[in-house]
Amino acid sequence: MDEVIAHLHDVSIGYDEVLIKDINIEISAGDVIAVLGPSGIGKTTLLRTIAGLVRPLTGEIELAVDSRGGLGYIPQRLGLVGNLTVQANVEMGARVRTSTWRPVFFPLPQEFMKDVKEAMSDLGIDHLAQQPVRILSGGQQRRVATAKSVAQRPKILLADEFLGELDDDNVDVVMQTVKKTIAAQHSALIMVEHHEELAKEVANRIWRISDHRLIEELER
Ligand SMILES: Nc1ncnc2c1ncn2[C@@H]1O[C@H](COP(=O)(O)OP(=O)(O)OP(=O)(O)O)[C@@H](O)[C@H]1O
Ligand SMILES: [Mg+2]
Numbered sequence: 013m014d015e016v017i018a019h020l021h022d023v024s025i026g027y028d029e030v031l032i033k034d035i036n037i038e039i040s041a042g043d044v045i046a047v048l049g050p051s052g053i054g055k056t057t058l059l060r061t062i063a064g065l066v067r068p069l070t071g072e073i074e075l076a077v078d079s080r081g082g083l084g085y086i087p088q089r090l091g092l093v094g095n096l097t098v099q100a101n102v103e104m105g106a107r108v109r110t111s112t113w114r115p116v117f118f119p120l121p122q123e124f125m126k127d128v129k130e131a132m133s134d135l136g137i138d139h140l141a142q143q144p145v146r147i148l149s150g151g152q153q154r155r156v157a158t159a160k161s162v163a164q165r166p167k168i169l170l171a172d173e174f175l176g177e178l179d180d181d182n183v184d185v186v187m188q189t190v191k192k193t194i195a196a197q198h199s200a201l202i203m204v205e206h207h208e209e210l211a212k213e214v215a216n217r218i219w220r221i222s223d224h225r226l227i228e229e230l231e232r
């Protein structure tokens, strides 16, 4: 039996109005799920609701995620600190896992630094480690945001259009790195993706949002 990481029971989501209703779905270890649908349909809201940033209108969300840093979220607007270096931003991901809170300038223990270095190297941004994030290109910043989440080693990673602005080579680099993390951690990835062909290439499940419903389209 696959390990279930998340379970949504009769969930409806939205703000004043319902965006998506009657969501009943399980997420298992190893799942790579792509969420498709037109602009404004509620894809970001779905990720934010699973992340616990927005309360579901009805229903219940169970997450089998208990460790610190067990849930990773790469927002559509990345959420990096522009004035800090690439390395300091990636360290913030690993910092979430440490048992005591440490300020940003406090050195991380060696075992966490190993993950930080590995994530930067996997994503091909180690040569940018000491650059402030604000001077990087859009695609480079996306790789920094991904490295930060990979260094966090989440059980479930929610990624909102994180492949945008990347050329084909970098899409491969990012997907390989994320898939490696998922396999190593027995975790799951839910990604919002506008490019349908790309989504079908990398995901083993497709959720299409249409007419206020979530439809499971592809399962392999
Ligand atoms: N904090 C909020 N309060 C009220 N309404 C919101 C809020 N955030 C988003 N909305 C509305 O919810 C709807 C869905 O927004 P959402 O960001 O989830 O769409 P999306 O599918 O991610 O679109 P896109 O592909 O453009 O990113 C939109 O009509 C948006 O205006
Ligand atoms: Mg969105």
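In this note's numbering, the protein residues as written are 13 to 232.
Ideal Cβ positions, reconstructed from N, Cα and C, are used throughout, including at glycine.
Residue 56 has its Cβ nearer than 7 Å to a heavy atom of ligand 2. Excluding residues up to 5 positions away in sequence, 132 lie with their Cβ nearer than 6 Å to the Cβ of residue 138 in the same chain.
A heavy atom of ligand 1 is found nearer than 7 Å to the CB of residue 53.
Residue 163 counts as buried, since at least 16 other C-beta atoms from the protein chains shown sit within 10 angstroms of its C-beta. Around the beta carbon of residue 70, fewer than 16 other beta carbons lie within 10 angstroms, which makes this residue exposed. When distances are taken from the beta-carbon of residue 90 to the heavy atoms of ligand 1, even the shortest one reaches 7 Å or more. Counting only runs of at least 4 residues, the segment 21-85 fully encloses the following alpha helix (DSSP H) elements, listed from N- to C-terminal order: 55-62.
With fewer than 16 other Cβ atoms from the protein chains shown falling within 10 Å of its own Cβ, residue 67 counts as exposed. Counting C-beta pairs with one atom in each stretch, the segment 121-129 and the segment 47-56 have fewer than three that are closer than 8 Å, which means they do not touch.
Taken atom to atom, the span from the alpha-carbon of residue 26 to that of residue 217 is near 23 Å. Shown here, residue 103 sits in a helix according to DSSP, grouped into three states. Remark: C-beta atoms of residue 84 and residue 24 do not approach each other more closely than 8 Å.
According to the DSSP assignment, residue 201 belongs to the beta strand (DSSP E) that extends over 200-204. Around the beta carbon of residue 195, fewer than 16 other beta carbons lie within 10 angstroms, which makes this residue exposed. Under the Cβ criterion (8 Å, minimum of three pairs), the segment 138-148 counts as touching the segment 97-106.
Looking only at 42, 57, 53, 22, the smallest Cα-Cα distance to residue 221 is reached by 53. Within the segment 145-222, the runs of alpha helix (DSSP H) that reach at least 4 residues and sit entirely inside it are, in chain order, 150-164, 180-197, 208-214. Looking only at 75, 157, 170, 40, the smallest Cα-Cα distance to residue 93 is reached by 157.
Counting along the chain, the unbroken alpha helix (DSSP H) around residue 127 starts and ends at 122-134. Assignment of residue 92 by DSSP, reduced to helix, strand and coil, places it in the coil class. The DSSP-derived three-state label of residue 16 is strand.
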